[in-house]
Structure formats: structure tokens, C-alpha cells
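**Student:** Below you'll find the structure I mean.
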Amino acid sequence: MKAIKVDYSGDSAQMSWGNVPYPHPTADGQVLIRVKAAGVNRPDILQRDRQYAPPADATSILGLEVAGIVEQVFGESRWRPGDEVCALTHGGGYAEYVWVDHRHCLPKPEGWSFVEAASLPETYFTVWFNVFMQGELGRNSKETLLVHAGASGIGVAAIQIAKALGHRVIITARKENQLKVCQDIGADAAILLDEEWTKQVQSLRGSVDVILDMLGESTLLGNIKVLGKAGRLVWIAFLTGTKVVLPIPHIMEKQIRLTGSFLRPQSFDVKANIASGLLEHVWPKISQGKIKPIIEKTFSIQDVHQAHAWLEKGGHVGKIVLTL
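In terms of UniProt numbering, the sequence shown opens at residue 1 and continues consecutively.
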């Protein structure tokens, strides 16, 4: 089959579309997907640049989410050949075919294209695990979620899921045009991420219950300031740095919980539980039209270097997707 190959022989990694060995199942309960579209995510770029090593049991081929058609089933599975699905992969999505744990597949939403469906798995698994399972948004009935980098793929997913489930959402972003788009898709308030952002949040709400943070160092002190009693701060990335000074007395006073995770190293069983939660709580909202696909741009898989460059330059709204 063909897949994106990464050549490390030069000064920088070079990606190209070429022949690679055909994949084989590695465990019972896997399905072979003929890939129609694959989402592009920041971990793909980090792996390309050797800043992020894939798990020892994973393929070296890039790509963490796909949409396509089930071709084969190995062992017991709810899926059958011909089913249209989107799936979280263990790597290998930038290819014509990929084997996936059947429990990590979800039905392609009715009326959605393969491109639109491919924008779902990585971001939706990440949001459900971190905001709802780790951050426990909704444990005290309806709550307020603050999302930094609200226009990113993760950000727009968090906005739509939280709003569909009845919560209030505030986002921050660095560009004015991103603020409007986030409000158009459901954010109750959108704030420019400048030196005054904490005052803006407090003037709107006083305090928030859960924060989803991809920035790290630059927002830590502000996050502690705007979180309310028993608030939860959830990190999923650290784009502005990893070194922080924690104001321990403020954390103790507010009983703030600090948490975070990497999705890819989670066990297959944990990912299966995430998929079950999405199927039960989020997929019905998609069927009701309360969640819409937000696609920034699509590229042919042979133009993968352009897709990566588009993600790296920032300023996008929603997902970037490769088509096969």
C-alpha cells in the first residue's frame, strides 16, 4: 500500500507519498479501515521532528485519526465490512489502510462527509477524556468552562460539546477574527488573550469551574485567579512553556485540582471507555444537529507538507484534514 514516509537523512524531515509494507492485525478485535480522510494534529508534527516518540507497539507512520470504510474484521467486532466509521488510531493514519481497535471506532455521522468525520476522533477523544472525565465538567450540574486557544481544533470541539450538553463556555484567542468565529459556533463569551484577560473573565462570570489549557506557562497565574472554589485546571499541552511557579496558598484556599494528560499513551481499555462516553452522550447531539463540523482547510495527502505548514503557522479555526 501507499503511505506518507518520513526521510530523516537530511537537515530536516522530508515527507513523501510512497510504497510501504501492507499492514497486518496485531490483536483480536481489530478492523482494517480503507482510509478516505485523515486529520492533522500537532503530535504528528512533533513526531515528524523527533520531539515525540510513538509508543513501542505503534507503527512509525504518522496519523492519529481517520475516517473511512471497514474492509476486514479480525476477531469479534460490532463492525462489518462496508461500515462507514471514524476512528482514533494507534498511529498509521497517513496511509491507504490502517488496522484499528474496533472499540476505538465510531459511526460516521449521518450526512457528514469523510473529511468532516475525520476531524472528530483525536479532538473529541481528547476533550471528553480531559474536560469531562478528568475535569468532571458537569459534576455540579451546569458549570462554566474556560478554553484557552478556543479557535484550535481542540477548542472548537470543546465549545460545541460543552454547549450541546448545557454548559456555559468562555474562550480566549489571540486574534479578533477567531473570537467572532468561536461565538458563532456557541461560545457565550470570547476574550482576547492579552494582559487584561483575567479581568475580562471575572467581569463576565466572577469565576469559572473548569479550565482547558494548552498554553502552560503563560496562563498559569491567571488560571488560578479566575478559578472558583473546587475548580479544576486541566492541561493538555504547554505551547508557551513548562516551567511554572505554583501559588500554593491560593490553590489550597480554593481547593483547586490540577490535572492533565497525554491521550496517546492511555491504554486501549481507557480509549474504549472514552469512545463509549462519546457514543452515549455526544453522538446523539451530532444527530440532532447541535454539533457541526468545523474544517479550516483540506489538502491532498500528497501535499502533507503544506498541511503541516498550515497548522504550524497558527491562526487557523478548526481542523486541517488530508484527503485520499
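Quick reminder that beta carbons are idealized off the backbone N, C-alpha and C, glycines included.
Looking at Cys-105: is its Cβ nearer than 8 Å to the Cβ of Val-226?
**Tutor:** Counted from its first residue, the sequence shown places residue 105 at position 105. Counted from its first residue, the sequence shown places residue 226 at position 226. Cβ distance not < 8 Å, so Cys-105 and Val-226 don't count as in contact.
**Student:** Could you name the residues of the same chain whose beta carbon sits closer than 7 Å to that of Glu-296, not counting the 5 residues immediately before and after it, in chain order?
**Tutor:** Within the sequence shown, the letter at position 296 stands for residue 296. Counting only Cβ-Cβ distances below 7 Å, and skipping sequence neighbours, we find His-316, Val-317, Gly-318, Lys-319, Ile-320.
**Student:** For Gly-222, does the three-state DSSP call read helix, strand or coil?
**Tutor:** As a first step, residue 222 must be located in the sequence shown, where it is residue number 222. Note: Gly-222 maps to helix in three-state DSSP.
**Student:** Do the CB positions of Ile-6 and Ala-38 come within less than 8 Å of each other?
**Tutor:** Within the sequence shown, the letter at position 6 stands for residue 6. Within the sequence shown, the letter at position 38 stands for residue 38. One detail in the question is off: residue 6 reads as Val in this sequence, not Ile. In this structure, Ala-38 does not lie closer than 8 Å to Val-6 by Cβ.
**Student:** Could you tell me which uninterrupted beta strand (DSSP E) segments, each at least 3 residues in length, are contained entirely in the stretch 222 to 263, listed from first to last along the chain?
**Tutor:** Correct list: 227 to 235, 257 to 260.
**Student:** In chain order, what are the residue ranges of uninterrupted beta strand (DSSP E) at least 3 long that sit wholly in the stretch 50 to 85?
**Tutor:** The qualifying runs are 65 to 74.
**Student:** When the Cα of Gly-260 is compared with those of Ile-4, Pro-247, Met-214, which residue comes out closest?
**Tutor:** The residue labelled residue 260 in the question sits at position 260 within the sequence shown. Checking every option, the nearest Cα to that of Gly-260 belongs to Met-214.
**Student:** Should Val-245 go down as buried or exposed, given a rule of 16 or more other Cβ atoms within 10 Å for buried?
**Tutor:** Walking along the sequence shown from the start, residue 245 turns up at place 245. Its Cβ having fewer than 16 others within 10 Å, Val-245 is exposed.
**Student:** Would you call the CB atoms of Val-131 and Val-234 closer than 8 Å?
**Tutor:** Against the sequence shown, residue 131 aligns to sequence position 131. Against the sequence shown, residue 234 aligns to sequence position 234. It is a contact, given that the beta carbons lie within the stated cut-off.
**Student:** For Pro-293, count the other beta carbons within 10 Å of its own beta carbon; 16 or more makes it buried, fewer makes it exposed. Which is it?
**Tutor:** Mapped onto the sequence shown, residue 293 falls at position 293. With 16 or more Cβ atoms within 10 Å of its Cβ, Pro-293 is classed as buried.
**Student:** By the three-class DSSP mapping on this structure, what secondary structure does Lys-142 have?
**Tutor:** Counting from 1 along the sequence shown, the entry for residue 142 is found at position 142. Note: Lys-142 maps to coil in three-state DSSP.
**Student:** Mapping the DSSP letters down to three states, classify Glu-296 as helix, strand or coil.
**Tutor:** Here residue 296 corresponds to residue number 296 of the sequence shown, with the count starting at 1. Here Glu-296 sits in strand by DSSP.
**Student:** I need the straight-line Cα distance from His-305 to Gly-228, nearest angstrom please.
**Tutor:** The residue labelled residue 305 in the question sits at position 305 within the sequence shown. The residue labelled residue 228 in the question sits at position 228 within the sequence shown. Near 43 Å, if we compare the C-alpha coordinates of Gly-228 and His-305.
**Student:** Grouping DSSP H, G and I as helix and E and B as strand, with all else coil, what is Trp-283?
**Tutor:** The count along the sequence shown starts at 1 and reaches residue 283 at position 283. Trp-283: helix per DSSP, three-state reduction.
**Student:** Alpha carbons only, please: which of His-250, Trp-17, Cys-182 is nearest the one belonging to Thr-323?
**Tutor:** Indexing the sequence shown from 1 puts residue 323 at position 323. If we check each option's Cα against that of Thr-323, Trp-17 comes out closest.
**Student:** Check whether the Cβ atoms of Glu-217 and Gly-186 lie closer than 8 Å to each other.
**Tutor:** Here residue 217 refers to the residue found at position 217 of the sequence shown. Here residue 186 refers to the residue found at position 186 of the sequence shown. Contact: no.
**Student:** Determine the closest residue to His-24 out of Ser-267, Lys-108, Gly-92, with distance taken between C-alpha atoms.
**Tutor:** In the sequence shown, counting from the first residue as 1, residue 24 sits at position 24. Nearest of Ser-267, Lys-108, Gly-92 to His-24, Cα basis: Gly-92.
**Student:** Would you grab the beta carbon distance between Val-201 and Ile-236 for me? Rounded to a whole angstrom, and I think it's under 8 Å.
**Tutor:** Taking the sequence shown and counting its residues from 1, one reaches residue 201 at position 201. Taking the sequence shown and counting its residues from 1, one reaches residue 236 at position 236. Contact doesn't hold; Cβ gap of about 19 Å is too wide.
**Student:** Rounded to the nearest angstrom, what separates Gln-72 and Cys-86 at their Cα positions?
**Tutor:** Counted from its first residue, the sequence shown places residue 72 at position 72. Counted from its first residue, the sequence shown places residue 86 at position 86. Each residue's Cα considered, the two are about 15 Å apart.
**Student:** Confirm, please, whether the CB-CB distance from Ile-61 to Val-82 is below 8 Å.
**Tutor:** Counting from 1 along the sequence shown, the entry for residue 82 is found at position 82. Counting from 1 along the sequence shown, the entry for residue 61 is found at position 61. Per the sequence presented here, residue 82 reads as Gly, with Val not at that position. It is not a contact, given that the beta carbons lie outside the stated cut-off.
**Student:** So, is Thr-172 buried or exposed, given that buried needs 16 or more other C-beta atoms within 10 angstroms?
**Tutor:** In the sequence shown, the residue the question calls residue 172 occupies position 172. Under this definition Thr-172 is a buried residue.
**Student:** Note down the Cα distance separating Pro-109 from Pro-247, rounded to an integer number of angstroms.
**Tutor:** Reading the sequence shown from its first residue, position 109 is the one you call residue 109. Reading the sequence shown from its first residue, position 247 is the one you call residue 247. If you take the alpha carbons of Pro-109 and Pro-247, they lie about 44 Å apart.
**Student:** With Tyr-97 as the anchor, note down where its beta strand (DSSP E) starts and where it stops.
**Tutor:** Along the sequence shown, one-based indexing puts residue 97 at 97. Segment 97 to 101, the beta strand (DSSP E) holding Tyr-97.
**Student:** State the Cα-Cα distance for the pair Leu-204 and Leu-88, rounded to the nearest angstrom.
**Tutor:** As a first step, residue 204 is located in the sequence shown; it is residue number 204 there, counting from the start. As a first step, residue 88 is located in the sequence shown; it is residue number 88 there, counting from the start. Those two C-alpha atoms are separated by around 36 Å.
**Student:** Are the stretch 268 to 278 and the stretch 121 to 138 touching by the rule of at least three beta carbon pairs closer than 8 Å?
**Tutor:** Taking 8 Å as the limit for Cβ pairs, the verdict is that the stretch 121 to 138 does touch the stretch 268 to 278.
**Student:** My understanding is that Ile-159 touches Val-147, with C-beta atoms under 8 Å, so please give their C-beta distance in whole angstroms.
**Tutor:** Counting from one through the sequence shown, the residue named residue 159 turns up at place 159. Counting from one through the sequence shown, the residue named residue 147 turns up at place 147. Rounded, the Cβ-Cβ distance is 7 Å, consistent with contact.
**Student:** Using a Cβ-Cβ cut-off of 8 Å (strictly less than) and excluding sequence neighbours within five positions of Leu-46, which residues of its own chain qualify?
**Tutor:** For the purposes of this step, residue 46 is identified with residue 46 of the sequence shown, where counting begins at 1. Result list for Leu-46: Tyr-52, in chain order.
**Student:** Quick check on this structure: which residue in Lys-271, Gln-266, Phe-262, Leu-220 has the alpha carbon closest to the alpha carbon of Ile-251?
**Tutor:** Locating residue 251 in the sequence shown gives position 251, where the first residue counts as 1. The shortest C-alpha separation from Ile-251 is found at Leu-220.
**Student:** Identify the continuous beta strand (DSSP E) that holds Arg-174 and give its terminal residues.
**Tutor:** To locate residue 174, count along the sequence shown from 1; it is residue 174. No beta strand (DSSP E) holds Arg-174; DSSP gives it neither H nor E.
**Student:** Who pairs with Met-15 in a beta bridge, going by DSSP?
**Tutor:** The residue labelled residue 15 in the question sits at position 15 within the sequence shown. Answer by DSSP bridge pairing, in chain order: Val-6.
**Student:** Measuring CA to CA, which of Arg-174, Glu-136, Arg-139 is closest to Ser-194?
**Tutor:** Counted from its first residue, the sequence shown places residue 194 at position 194. Sequence inspection shows Asp at residue 194; the Ser mentioned does not correspond to that position. Checking every option, the nearest Cα to that of Asp-194 belongs to Arg-174.
**Student:** Report the residue from Pro-43, Glu-143, His-90 whose alpha carbon sits nearest the alpha carbon of Ala-230.
**Tutor:** Locating residue 230 in the sequence shown gives position 230, where the first residue counts as 1. The shortest C-alpha separation from Ala-230 is found at Glu-143.
**Student:** Have a look at the DSSP bridge pairing and note the partners of Ile-191.
**Tutor:** For the purposes of this step, residue 191 is identified with residue 191 of the sequence shown, where counting begins at 1. Looking at the DSSP assignment, Ile-191 forms a beta bridge with Thr-172.
**Student:** According to DSSP, simplified to helix, strand and coil, what is Asp-269?
**Tutor:** Working through the sequence shown from its first residue, we reach residue 269 at position 269. Three-state result, Asp-269: helix.
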